[in-house]
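Q:
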Amino acid sequence: LAYTDALVLGFGRVDDAVFDALREHLDDEAIMELTYITMMYSMHAVISVALRLEFDDRDDPIVEVVEDTGAVYATYLNGFNVLFTSSTDHGATWSAPVKTYGNVSWNDKPALATSDDGKDVYISWNGPTGGDPWMAQSHDFGQTWTQEKLVDSNRYFFAFDADVLHDGTVVFAQSDIEYSGPGGAPVGVVNHHVFVSRDSGATWEDHIVDTVPGRGDDTRMPGGRAFITETRAAALEAGIHLFDVCDPDQG
Numbered sequence: 261l262a263y264t265d266a267l268v269l270g271f272g273r274v275d276d277a278v279f280d281a282l283r284e285h286l287d288d289e290a291i292m293e294l295t296y297i298t299m300m301y302s303m304h305a306v307i308s309v310a311l312r313l314e315f316d317d318r319d320d321p322i323v324e325v326v327e328d329t330g331a332v333y334a335t336y337l338n339g340f341n342v343l344f345t346s347s348t349d350h351g352a353t354w355s356a357p358v359k360t361y362g363n364v365s366w367n368d369k370p371a372l373a374t375s376d377d378g379k380d381v382y383i384s385w386n387g388p389t390g391g392d393p394w395m396a397q398s399h400d401f402g403q404t405w406t407q408e409k410l411v412d413s414n415r416y417f418f419a420f421d422a423d424v425l426h427d428g429t430v431v432f433a434q435s436d437i438e439y440s441g442p443g444g445a446p447v448g449v450v451n452h453h454v455f456v457s458r459d460s461g462a463t464w465e466d467h468i469v470d471t472v473p474g475r476g477d478d479t480r481m482p483g484g485r486a487f488i489t490e491t492r493a494a495a496l497e498a499g500i501h502l503f504d505v506c507d508p509d510q511g
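Here the sequence shown is numbered in the working numbering, starting from 261 and rising by one per residue.
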């Protein structure tokens, strides 16, 4: 199981100790068969999501569990609008979806974070004008929402991860890129940001924690999809933030 996790979740990066333990039970041919079968299943799962076949014919939700209560919060896209729903019975039933976007014309790529008691909920998504970062927030357990644009620029922002520390500090990890090349190709550098609020979302700080070179036309994947580095943020404890920058070329 550790080996299959490394194949599918680790994209093939297998720890030497795991592989050594595997060879105690399987010979080379059996390992090859296990690898092939596992990755065939992974390939079919990815195809099913891409083509939205059967049970994958839906928008992917982003889910958080409220630490103090066990309530489950979820946000998802309906077209290009971000909705919020919650469950207080371990997912058996769900509340009616609530619009998080107010009068903002479109929104995409949400990231969700909640306070320990579930009262304060934050969802960042990008939107007008051309992918600017927005923050939607609720301070009544997701019943009502306000919206604020964090940056007004010509760059496209991706929200990757978020957390709320035990002291209420909110952190969102995001990356931005500029699509001004020929045919809308990405150009220039990628900036990795952390947006921080220390007053329950009343004000926000924008810090660039890293800037990496872009890849020009190589950032375009088949079908015109963007391929950029990913940032993640974790709140370890009050005052200590961990930022993880992942690049698809293994660093």
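Backbone N, C-alpha and C define an ideal beta-carbon position, used for all residues, glycine too.
Quick one: give me the first and last residue of the beta strand (DSSP E) that GLU289 is part of.
A: In the sequence shown, counting from the first residue as 1, residue 289 sits at position 29. First-last for GLU289: 288 to 311, but that is the alpha helix (DSSP H), not the beta strand (DSSP E).
Q: In this structure, does DSSP put TYR336 in helix, strand or coil?
A: What you label residue 336 is simply residue 76 of the sequence shown in a count that begins at 1. Looking at TYR336 - three-state DSSP - the assignment turns out to be strand.
Q: When you compare the segment 322 to 341 with the segment 295 to 314, are there three or more beta-carbon pairs, one atom per stretch, that lie closer than 8 Å?
A: Contact between the segment 322 to 341 and the segment 295 to 314 is absent, because fewer than three Cβ pairs lie under 8 Å.
Q: Checking 8 Å against the spacing of the C-beta atoms, do PHE340 and PRO357 come in under that value?
A: Position 80 of the sequence shown holds residue 340. Position 97 of the sequence shown holds residue 357. Contact: no.
Q: On the CB-based measure, 16 or more other CB atoms within 10 Å of its CB, does ALA462 come out buried or exposed?
A: One-based indexing of the sequence shown puts residue 462 at position 202. So ALA462 counts as exposed.
Q: Can you tell me the Cα-Cα spacing of THR360 and SER413, whole angstroms?
A: Here residue 360 is taken as the residue at index 100 of the sequence shown, counted from 1. Here residue 413 is taken as the residue at index 153 of the sequence shown, counted from 1. The alpha-carbon atoms of THR360 and SER413 are separated by roughly 22 Å.
Q: Assuming LEU410 contacts PRO393 (C-beta within less than 8 Å), just tell me the rounded distance between them.
A: Within the sequence shown, residue 410 is the residue found at index 150, counting from 1. Within the sequence shown, residue 393 is the residue found at index 133, counting from 1. At roughly 5 Å, the Cβ-Cβ gap stays under 8 Å, so LEU410 and PRO393 are in contact.
Q: Buried or exposed, going by whether 16 or more other CB atoms sit within 10 Å of the CB of VAL430?
A: On the sequence shown, residue 430 is found 170 positions in, with the first residue counted as 1. With 16 or more other Cβ atoms within 10 Å, it is buried.
Q: Looking at the secondary structure, which residues open and close the beta strand (DSSP E) in which TYR382 lies?
A: For the purposes of this step, residue 382 is taken as the residue at position 122 of the sequence shown. Counting along the chain, the beta strand (DSSP E) containing TYR382 begins and ends at 381 to 387.
Q: State the Cα-Cα distance for the pair TRP366 and GLU284, rounded to the nearest angstrom.
A: Indexing the sequence shown from 1 puts residue 366 at position 106. Indexing the sequence shown from 1 puts residue 284 at position 24. Whole-angstrom Cα-Cα distance: 54 Å.
Q: Where do the N-terminal and C-terminal ends of the beta strand (DSSP E) with ASP276 fall, by residue?
A: Indexing the sequence shown from 1 puts residue 276 at position 16. From DSSP, ASP276 is part of no beta strand (DSSP E) but of the alpha helix (DSSP H) over 276 to 283.
Q: Please classify TRP385 as buried or exposed, where buried requires at least 16 other C-beta atoms within 10 Å of its C-beta.
A: The residue labelled residue 385 in the question sits at position 125 within the sequence shown. The residue in question, TRP385, is buried, as its Cβ has 16 or more Cβ neighbours within 10 Å.
Q: DSSP state of GLY443, grouped into three classes?
A: As a first step, residue 443 must be located in the sequence shown, where it is residue number 183. Note: GLY443 maps to helix in three-state DSSP.
Q: When the Cα atoms are used, what is the spatial distance from ALA266 to ILE307?
A: Within the sequence shown, the letter at position 6 stands for residue 266. Within the sequence shown, the letter at position 47 stands for residue 307. For ALA266 and ILE307, the distance between alpha carbons rounds to 20 Å.
Q: Suppose you measure from the CA of VAL449 to the CA of PRO370; what does that come to, to the nearest Å?
A: Residue numbering aside, residue 449 sits at position 189 when the sequence shown is read from its first letter. Residue numbering aside, residue 370 sits at position 110 when the sequence shown is read from its first letter. If you take the alpha carbons of VAL449 and PRO370, they lie about 23 Å apart.
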